Amino acid sequence: MSELRRPDSAVWSTTNRGTSAAYDPPMARSSAVWQFSLRLIYAGLRLLDPILRAWWRAFGLGITAQLTVRGRRSGCQRSVLVGLLNVNGRHYVGHPNGAVGWTRNLLAAKEARVAQLPGVGATLRAVPLSDGPERNAVIAATAHQQPFPGNLVYRAAQRHIRSVGVYFRLEALDSPGGSGDRRSSGRRAHQ
């Protein structure tokens, strides 16, 4: 078995025949620099939110989807644009810098309406991910699925994200005829 060291201290292992590959992610470690940098980046995105929403409504915006969730305190519907990740045919959402308003709301509500395009969406159950291979795969996918320059930020901050990031798997609701076709409207909130 040969091992190659990557600059991010991750280990890529392959067998001699090259038939299988495994990714050993870098150790999780919180970083005050990344905590501050990601807050700054997301503050900038909040300022650009009206422009990004208009663009998303008119043309779509890569992996961006609108997540609408009931506020845990107000009970009002809150919407935020998020990256909708696809890993092994499953959908995921999350925030790289720890719990924020919409992730806390999603944790409390346990479901949200997700629309990849305006007016086209479904209500899905949100299952929080704990540390483990599934969460690691989602974080690694974020670094590849986010459009430039976000992909570079996610790659550089992987250790920090693995330490503090909050992620959810989105699943279809089990109950037939339940809230699966509910339309949601209301005030918009930001990250």
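Counting from 1, position 21 in the sequence shown corresponds to residue 21 in the working numbering; the numbering is continuous, with no gaps.
We put the beta carbon where it would ideally sit given N, CA and C, even for glycine.
This one's a predicted model, so the numbers in the text were calculated from it and none came from an experiment.
Q | Distance between V164 and S130 (C-alpha atoms, nearest Å) | A | 11 Å
(Q) Taking its Cβ as the centre, do 16 or more other Cβ atoms sit within 10 Å of G60, making it buried, or is it exposed? (A) exposed
Q) Taking just the CA atoms, how far does H91 sit from A172? A) Rounded to whole angstroms, A172 to H91 spans 10 Å at the Cα level.
Q. Anyone know if the C-beta pair for V127 and F168 falls short of 8 Å?
A. yes
Q. If you draw a straight line from the C-alpha of A21 to the C-alpha of P50, how long is it?
A. Low per-residue confidence applies at A21: pLDDT is 46, beneath 50, and the placement is therefore not dependable enough to give any value.
(Q) For V69, which residues in the same chain have their Cβ closer than 7 Å to its Cβ, ignoring the five residues on either side in sequence? (A) R78, W102, N105, L106, A109, A112
Q.
Checking the sheet assignment: what are the DSSP bridge partners for Q66?
A. L81, A115
Q) What's the gap between the Cα of G44 and the Cα of C76? A) 25 Å
Q.
Using only the alpha-carbon positions, how far apart do H144 and P118 sit?
A. 25 Å
Q. In whole angstroms, what separates the C-alpha of W56 from that of Q35?
A. In a straight line, the C-alpha of W56 is about 27 Å away from that of Q35.
**Q.** Nearest candidate by alpha-carbon position, reference V87, set I63, A32, R125, P96
**A.** Checking every option, the nearest Cα to that of V87 belongs to I63.
(Q) Does G83 pass the burial test, meaning 16 or more other C-beta atoms within 10 Å, or should it be called exposed? (A) buried
Q) Which class does L45 belong to by DSSP, given the choice of helix, strand or coil? A) helix
(Q) Can you tell me whether R73 is buried or exposed? The criterion is at least 16 other CB atoms within 10 Å of its CB, across all chains shown. (A) Classification of R73: exposed, given that the 10 Å Cβ count is below 16.
Q) By DSSP, does A21 sit in helix, in strand, or in coil? A) In this prediction, A21 scores a pLDDT of 46, lower than 50, which makes its location untrustworthy; no coordinate-derived value is stated.
(Q) Going by the DSSP bridge assignment, what does T123 pair with across the sheet? (A) R113
Q: For the beta strand (DSSP E) containing R90, list its first residue and its last residue.
A: For R90, the enclosing beta strand (DSSP E) begins and ends at 90 to 95.
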